[in-house]
Every structure is written in structure tokens, then in C-alpha cells.
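Contents: one structure, followed by commentary.
2 protein chains.
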Amino acid sequence: MKKTNDILIESAEIVAVGTELLIGQTLNTNTYYLANQLTLLGINSYYQSVVGDNPERLLAMLKTALTRADLVITSGGLGPTADDVTMELAAEAAGKKLVLDPVSKQSIEDYFTSMGRTVSDNNWKQAMMPQGALTMPNNNGTAPGAIIVFDYAGKKKAIACLPGPPGELELMFEQSLKPWLERRVNYEFEHRFLHMMGIGEANAELEIKDLIERQTNPSVAPYASPGEVCFRITQRKMRGQAEADLISPLVEEIKNRLGQYIYEDGARTLPEIVFALLKEKNQTISFAESCTAGMISAKFGAIAGVSEVFTGSVVSYSNSSKEQILGVPSAILQQYGAVSKECAEAMASGVRKVMNTDLAISVTGIAGPDGGTPDKPVGTVFLGADYRGQLTFEKHIIRGNREKIRTVASLRAFHLAWRCLKEKSDNS
Amino acid sequence: MKKTNDILIESAEIVAVGTELLIGQTLNTNTYYLANQLTLLGINSYYQSVVGDNPERLLAMLKTALTRADLVITSGGLGPTADDVTMELAAEAAGKKLVLDPVSKQSIEDYFTSMGRTVSDNNWKQAMMPQGALTMPNNNGTAPGAIIVFDYAGKKKAIACLPGPPGELELMFEQSLKPWLERRVNYEFEHRFLHMMGIGEANAELEIKDLIERQTNPSVAPYASPGEVCFRITQRKMRGQAEADLISPLVEEIKNRLGQYIYEDGARTLPEIVFALLKEKNQTISFAESCTAGMISAKFGAIAGVSEVFTGSVVSYSNSSKEQILGVPSAILQQYGAVSKECAEAMASGVRKVMNTDLAISVTGIAGPDGGTPDKPVGTVFLGADYRGQLTFEKHIIRGNREKIRTVASLRAFHLAWRCLKEKSDNS
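These protein sequence lines map, in sequence, to chains Y and P.
Going by the working numbering, the letters in the first sequence line up with residues 1 to 428, in that order.
Going by the working numbering, the letters in the second sequence line up with residues 1 to 428, in that order.
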């Protein structure tokens with residue numbers, strides 16, 4: 001059912017209201033959720049803001065946002081206390097009066113009755129709505145939301161007020177604001193992400209500089225992602241119309257130039273890709289971790305259903321555990337040390353044997369801050385792989401602190417696992 | 001060493017730069033971190049903003065923020081690509097030129113050399129700094145940061161530019177920006193943190209409601225910390241003056257009321273406390289992890305020097321690995337299942353034996369989303385401990401998604417380790 005467009009929404013600005021956000025006590029997940037939803041709807045967002053429960057500053061913020069966007073979405077400040085001033089100020093910014101909304105009054109009463117509680121006087125405040133506003137029911141709490149459409153400096157603008165608790169905000173967005181928005185946008189955006197490893201961002205960008213600078217539709221932009229390089233390709237389409245796929249030819253061109261580094265054309269993480277490949281091949285994996293101390297296994301364990309392909313791991317921090325559980329020969333430890341290709345390979349073979357898996361990946365290195373030598377500085381990491389008896393290793397020097405070294409070593413381990421599984425797929 | 005105050009910082013505004021934040025692809029943890037740090041320094045923050053990698057809008061945003069705060073802190077947009085324009089626009093807002101900073105140039109060169117890579121031309125861009133700026137080294141990446149102090153509309157203002165990757169931003173803040181700020185605020189705040197576990201926040205607050213509502217100097221406030229309850233006790237002092245310690249009597253009073261739940265009066269995390277206790281006792285620990293799949297070990301492995309007390313762990317995801325490596329009797333698995341107190345205890349004993357440690361902690365549970373039964377719903381977690389032959393177990397039902405269940409189970413494991421070590425200390 002297409003509705004006459006009272007307002008066309010091309011841009012929106014999220015204004016989160018709450019002192020708890022300003023003092024760093026609450027992580028702003030509402031803005032993250034709303035921003036993602038706006039992107040999926042093809043609505044541009046050029047600014048996001050946070051402001052405290054201060055009437056003067058909040059009003060100024062709303063007015064500033066209204067000069068920059070068609071729609072301003074607020075989160076928070078709809079509660080019953082004197083601190084909660086968002087609805088009042090949204091009405092003021094829109095030049096509307098607050099009036100008692102009988103439907104909201106009734107639903108507040110129903111909510112309290114269903115909880116076996118009586119409504120306190122200040123709860124009625126939550127039924128005061130800007131005149132002419134579209135009320136959005138709160139099916140997860142007491143404070144209703146509102147959408148106000150009005151003329152502002154000669155243009156049609158809108159303010160949508162959502163409650164602060166994430167469970168209430170997300171339900172209200174999904175049930176009320178999203179359907180309202182879907183009837184008021186012209187475009188939708190399609191995004192694709194190419195993830196790569198083994199090349200720096202600057203070098204990767206040089207390879208596709210001409211494609212990035214084209215800056216038309218679709219567009220290509222680097223996308224920050226720790227330990228890897230990622231590019232986002234975006235095409236803008238008219239809503240509801242079949243349009244030519246402009247993304248695929250561009251992706252093909254990027255793959256022609258950077259294909260050897262690309263491990264994912266999509267949204268999956270490296271551990272998820274390794275999981276999918278193992279499942280597809282009906283094979284299993286195990287890990288032997290020294291400096292990463294369980295980080296690789298924990299990341300893999302974060303994937304639901306991973307027990308199908310994941311038998312387990314050995315965190316062999318001490319030399320004795322490397323010898324006794326993984327069967328690393330003491331001669332190797334004495335001659336080459338625990339941080340060596342020989343030890344990495346022996347660890348991989350050892351864990352593959354005790355865990356009885358098709359593939360095993362090992363990591364041994366110096367995460368620091370101590371333990372570095374001129375030969376093997378902090379950040380020296382050896383990875384080993386045993387894939388059905390075929391041994392390989394890799395050496396990396398990773399810069400950064402202990403956390404960074406361990407995180408990047410973990411990513412590298414999944415990258416090695418991916419290449420083992422991938423190469424065998426390609427050749428078979 | 002007290003420095004003449006070139007600028008006094010009473011307020012700061014955080015401006016996060018990045019299209020990935022606007023499109024809702026990245027959660028804005030940098031602003032959360034910085035807001036929390038500013039609060040600890042006693043610096044007020046009235047607005048937070050996010051803006052994309054768009055020169056015109058970013059410049060406008062910086063100028064707006066400069067009219068509202070003494071200091072503007074930016075995060076992101078310091079990379080080598082054409083998209084990265086923050087430093088250039090910060091210089092423009094401050095009325096400064098960009099000049100090549102030889103120290104930054106050298107450290108970029110060193111970084112690439114140590115990685116065995118060559119510097120690509122666009123990396124030199126990162127060594128261009130606003131004239132007269134104080135450069136902040138990046139000890140976790142390539143892009144250096146900068147602090148610029150300048151006159152703006154008749155007042156002293158400052159812009160501090162930090163990199164976007166959280167690991168780089170946090171280290172640079174800690175090492176460079178924080179010490180710089182500490183010399184430019186009027187007050188200093190002394191904070192003490194009481195960490196507790198085993199009581200909910202609402203109940204803990206009820207016990208000390210009168211102390212919280214006192215709202216004077218020092219103040220008591222709940223402090224956000226996932227999986228535990230924490231209170232922050234803060235005393236405001238004039239910088240550089242000796243003042244009476246008002247915190248200690250208040251801490252004593254809280255300990256009188258909630259002492260049994262408090263595991264730390266200080267800044268240490270639970271894993272760090274377990275590490276310190278083990279070191280003090282010259283004892284060792286190992287872990288057997290099923291549903292947490294290495295998370296406990298990885299958290300412990302994050303502590304520098306932990307190899308003194310940490311031998312290793314077994315991630316026994318499959319039943320066969322529980323039997324074969326940890327020696328869990330198959331009768332236990334058949335009769336009680338892998339998620340049972342019997343299995344948890346057998347896992348603890350098993351890993352203590354193979355890793356040859358004084359203490360061993362085990363976790364087995366159902367992290368979901370599948371695998372729950374009416375008897376053992378998703379979130380059912382058994383912990384086991386074997387401390388020099390003495391066995392104990394705990395059962396928890398943890399609410400939340402897979403990630404939450406695993407994270408809370410990990411915290412509980414450290415809590416159990418702490419109590420094992422603590423009780424023996426107290427009794428001996």
C-alpha cells in the first residue's frame with residue numbers, strides 16, 4: 001500500500017539523549033542499531049550526536065539536527081521523571097503543543113494494571129504528546145513514542161522520539177517507525193564487502209586507486225577492520241525497481257587485481273569461513289596454542305554449532321606440556337627452542353594426533369613484553385599446520401603490544417587454516 | 001613537575017570520525033572509552049558527535065565543537081588513504097599548516113622495516129603534522145597522533161587527534177594524552193573501585209543507599225562493569241595540594257556492609273588477582289574448558305608474566321577428548337552427561353593431573369542457542385575445582401546469549417579459583 005508522500009526521507013540524524021552516555025557509563029548501542037537500520041533502508045546519515053538531559057542543550061541540538069537532516073530520531077528521555085524532557089522539547093522544536101493522548105493514557109493504565117501496580121501521578125506525563133503527532137505504542141514498557149511531521153524553515157521535516165531502553169527502542173522501531181519510513185524513501189542501498197589478508201591497506205588501495213576515485217554509483221571505499229584489509233562496494237537503487245547489478249562487475253575487477261589476497265566476498269568472518277569449509281568437507285580441526293593461550297579456540301567456540309567440526313585444543317603454555325601432551329621431542333625444544341618452526345610443526349602434529357582431527361593448527365611465539373632476544377624479538381610468531389600429515393609453517397613478526405600480537409597471531413592462524421582447506425579444495 | 005598551564009581544560013567534546021560508524025557497521029566503543037576516561041579526569045562533556053570521512057562536514061563539526069568545549073578529541077581518519085582527512089582538517093580548524101614531522105617519518109619507516117615491508121608513498125602522509133603540534137607516538141600502529149593548542153575566537157582551545165583502531169587509541173591516550181591532560185585540569189580526582197561478585201547491583205545498592213544518596217565529596221556511584229558489581233568512590237581534590245583522605249573511612253563502611261562479596265579494593269581484574277595469589281603462594285594453575293572453549297585460558301594468558309604460574313589448558317569440546325585427554329570415565333558421560341557436576345569434577349581432576357598443577361578449574365555447560373533440555377536449559381553451567389586433591393563444584397544458570405553465557409562462565413571460573421586460593425590462605 002503506497003501512501004502519498006507527506007514527507008520524503010533522504011537523510012536522518014540520530015540524537016541519543018542521556019547523561020549516562022556522556023560520562024561513559026553506558027555504551028551507545030541504540031545509535032549503532034538505528035544507524036544500521038537506516039543504512040538498510042537507504043537513508044543517509046551524516047551526523048550522530050549525544051547530548052545530556054539538559055533542556056537548553058537538547059533543544060539546540062534538535063534545531064541544529066533539523067537544519068542538517070530530513071528526519072531526526074531521538075532515543076531516550078521519555079521516562080516519567082523531571083529529567084525526561086525529550087518529548088517536550090521535540091514538540092517545542094516542531095512548534096507544537098503537548099496534549100493528552102487518550103490512547104497512550106489508556107495503554108499506560110493497562111500496562112500498570114497488567115503488572116499489578118498502580119499508576120503514579122508522574123506516569124501520566126508519558127501520555128502527553130505533541131499535537132498532531134503519530135503515536136507509536138510501546139509494547140515493551142510504558143513510554144510511548146511519537147512521530148511529528150512539520151514545516152521547518154520552509155521544508156518538511158520530521159522528529160521521531162524513541163525510548164532509551166534497547167529492548168523498547170528496537171521493538172518500537174521494528175513495529176512502528178520502520179514501516180512508516182519504508183513508505184517515505186526513494187532509494188535502497190546494496191553493500192558488498194571484500195575482505196583480504198596478506199597486503200597492507202595502503203598497498204591495496206594503490207592497486208585499485210582508479211576504481212576508488214571513480215566515486216560514482218557504485219562506490220568503493222576502504223573499510224577499517226583490525227588485522228585485515230576490507231573494501232566496501234555500494235550501489236544505490238530506486239526502491240522497488242529491478243536495476244542492473246553494477247556491483248558484480250566492479251567486484252570482478254577488484255578480484256582480478258587483488259584476488260590472491262581476498263578470502264571473503266561477503267559478511268563472514270575468517271573463523272566462520274573456516275567453519276563452513278570444514279563442514280562442507282565433513283572434516284575436523286584442533287589447535288595447539290602457546291602464546292595465544294586459548295584465544296584461537298575461544299574465537300572458534302563463539303560460532304554456534306561449531307562442535308560438529310571442532311574437537312578441542314591444547315593450550316601448551318609450558319615446555320613440559322608441549323612435551324608431555326603434544327609429544328614435542330625435548331631435542332627440538334633444546335636445539336631450536338619453543339619458538340621455532342620445528343616446534344610449531346611438532347605441536348601441530350601432536351595436537352592432530354591426540355585430538356584425532358583432519359587439520360591441526362599451532363601457534364608459538366613471543367607475545368611480550370619480556371622474552372624477546374635479538375634473534376627472536378617480541379612479536380616473533382611461528383604457525384604450524386598439519387593437514388592429514390602434510391606439514392607447513394609460517395613465520396611472522398607482529399608489531400604491537402601483547403594483546404595486539406596475540407590477536408593478529410589468532411587471525412593469522414585462521415588464515416593458515418583457510419589456505420590449507422582452500423588449496424586442497426581447489427586442487428581436488 | 002608542575003607545568004605552567006598554557007590551557008585549562010574544563011570541558012571536552014569527543015568527535016568520532018568514520019563512515020563505518022554512521023552506517024552502523026562499527027559500534028562506537030572509542031567514544032565510550034574516552035568518555036569514561038574524561039569522567040575519571042573530572043573533565044565535563046556535554047556533547048558527543050560522529051561524522052563521516054567528508055571534509056566539509058568534518059570541518060564544520062570541528063568548528064561547532066570548538067565553540068562548545070575547551071578541547072575537542074577526534075578518533076579516526078588518521079590512516080594513509082585519501083579518505084583519511086582528520087589531521088588535515090584539524091590543522092585547518094586550528095589555522096595551522098601541515099608540515100613534515102621528521103620523528104614521525106622515522107618511526108613510520110622503522111615500523112615498516114621491522115615488518116619486512118616497504119613504505120608506500122601514501123604512508124608518508126601520516127608524518128604530516130600541524131605546525132607547532134605536539135606529536136603523540138603510535139606504539140601500536142603507524143599513524144601518530146597530535147595535540148594542537150591555538151587561539152580560537154579569543155579563547156585558548158585544543159584539538160587532540162587519536163587513531164581509530166581501539167588498541168591504538170587506548171594506548172596513545174594512556175601514554176600521551178592522559179598525562180598531558182592531567183597537567184591542565186584544576187582538580188584531581190581520586191578514585192577507588194570496589195569490585196564484588198555474588199550479589200546483584202540492585203541489592204548491593206540497597207545496602208548502601210544512604211551512602212550513595214549523601215552525594216557529597218567523596219561520592220559513591222555504581223560503576224558499569226560487565227558480569228560483576230562495582231562501585232566507584234571519588235574524592236575531588238585541588239590539584240597538587242595535600243588533602244585529608246576522605247575515601248578510606250567510606251570504603252571501610254562499605255566493607256562492613258558488603259565485605260563478603262568484595263574481591264578487590266583496587267583496579268585489578270579477577271584474573272590478575274588469581275595470578276597474584278598464585279605467585280605469592282608459588283603455585284600453579286590449569287584449566288579444562290568445554291563451553292568456554294579457551295576463553296578462560298585466553299584471558300589468563302593476557303597477563304604479562306603469567307607463564308610463571310600457568311602451565312596450560314585442555315579445551316575438551318568433544319566427549320572423546322574429555323575421555324582420552326582428561327580421563328573422564330565414559331560411565332560418567334553416559335550416566336550423567338557432559339554437563340554435570342560429576343563431569344566437571346572429573347575434568348578438573350584430569351587436567352590437574354596431565355598439567356601437573358596445584359589448582360585446576362573446569363567448565364562444562366550449554367552455551368546455546370541449541371542443546372538445551374527442560375532439565376538442563378541453555379545457560380546451565382557446571383564449574384569444577386581440584387585444589388591439591390580437594391574437589392568442589394558449582395552450578396550456575398546464566399541468562400543471555402551464547403557470548404554472554406561464555407563470558408559470565410569465564411568470570412565465575414576465576415571467582416571459583418580465587419575462593420579456592422583465598423580460603424586456603426585465610427585458614428593457613
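Ideal placement from N, C-alpha and C gives every residue a C-beta, glycine not left out.
Just so it is clear, the structure is predicted and the values come from calculations on it, not from any experiment.
- In the three-state scheme derived from DSSP, where H, G and I count as helix and E and B as strand, P/Pro179 is classed as helix.
- Residue range 209 to 214 is occupied by the alpha helix (DSSP H) that includes Y/Arg214, with no beta strand (DSSP E) assigned at that position.
- Among the CB atoms of chain P, none fall inside 8 Å of the CB of Y/Ile9.
- Going by DSSP, Y/Ser75 is part of the beta strand (DSSP E) stretching over 71 to 75.
- Secondary structure of Y/Leu41 (DSSP, three-state): coil.
- Closest option to Y/Asn122, judged by alpha-carbon separation, among Y/Asp83, Y/Ala288, Y/Thr113: Y/Asp83.
- Look at P/Asp265 here: in three-state DSSP terms it is strand.
- Taking the Cα positions, P/Leu333 is about 7 Å away from P/Cys343.
- Looking at the DSSP output, Y/Cys230 sits in a beta bridge with Y/His195, Y/Tyr223.
- Annotation: Cβ neighbours of Y/Arg399 in chain P (cutoff 7 Å, chain order): Tyr111, Ser114, Met115.
- For P/Thr74, no Cβ of chain Y is located within less than 8 Å of the residue's own Cβ.
- The alpha-carbon of P/Lys237 is positioned some 28 Å away from that of P/Leu134.
- Within the segment 83 to 146 of chain Y, the runs of alpha helix (DSSP H) that reach at least 4 residues and sit entirely inside it are, in chain order, 86 to 94, 102 to 114.
- With the criterion set as a beta carbon lying under 9 Å from some beta carbon of chain P, the members of the segment 276 to 299 of chain Y are Thr284, Ser286, Phe287, Glu289, Ser290, Cys291, Thr292, Ala293, Gly294, Met295, Ile296, Ser297, Ala298, Lys299, in sequence order.
- An exposed status is given to P/Asp6, since fewer than 16 other beta-carbon atoms sit within 10 Å of its beta-carbon.
- Counting only runs of at least 4 residues, the segment 263 to 311 of chain Y fully encloses the following alpha helix (DSSP H) elements, listed from N- to C-terminal order: 270 to 281, 295 to 301.
- For P/Leu162, the enclosing beta strand (DSSP E) begins and ends at 155 to 162.
- Exclusion of the five residues before and after P/Leu246 leaves Asn217, Pro218, Gln235 as the residues of its chain whose Cβ lies within less than 8 Å of its Cβ.
- Secondary structure of Y/Ala244 (DSSP, three-state): coil.
- The beta carbon of Y/Glu403 sits closer than 8 Å to some beta carbon of chain P.
- DSSP links Y/Ala60 through a beta bridge to no other residue.
- Among the residues of chain Y, none has a CB under 8 Å from the CB of P/Phe189; the nearest is roughly 12 Å distant.
- Between the segment 268 to 281 of chain P and the segment 258 to 267 of chain Y, the count of Cβ pairs shorter than 8 Å is below three; the stretches do not touch.
- Under the Cβ criterion of 8 Å, P/Ser49 is counted among the residues facing chain Y.
- Proximity of chain P to Y/Arg57 at the Cβ level (cut-off 8 Å) is accounted for by Tyr46, Tyr47, in chain order.
- Using beta-carbon distances, P/Ile43 does not count as an interface residue toward chain Y, since no partner is under 8 Å.
- Taking a contact as a CB-CB distance under 8 Å, the pair Y/Val274 and Y/Phe414 counts as one, their CB atoms being some 5 Å apart.
- Contacts with chain P at 8 Å (Cβ-Cβ) include Y/Pro369.
- Nearest Cα to Y/Gly52 within the set P/Tyr46, P/Pro55, P/Val251, P/Arg57: P/Tyr46.
- Within chain Y, the residues placing a beta-carbon under 8 Å from that of P/Val315 are Phe287, Gly294, Ser297, Gly301, Gly312, Ser313, Val314, Val315, ordered along the chain.
- Chain P places no beta carbon closer than 8 Å to that of Y/Pro218, leaving this residue out of the contacts.
- For Y/Ile332, there is no enclosing beta strand (DSSP E); the residue is found in the alpha helix (DSSP H) stretching over 330 to 335.
- Less than 8 Å separates the beta-carbon of P/Thr311 from that of P/Met355.
- Chain-order list of chain P residues neighbouring Y/Met355: Ser321, by C-beta distance under 7 Å.
- Looking at the backbone, the Cα of P/Leu34 and that of Y/Gly24 are separated by about 7 Å.
- The beta carbon of P/Asp386 lies closer than 6 Å to those of Ala348, Ser349, Arg352, Ala360 in the same chain, with the five residues before and after it left out.
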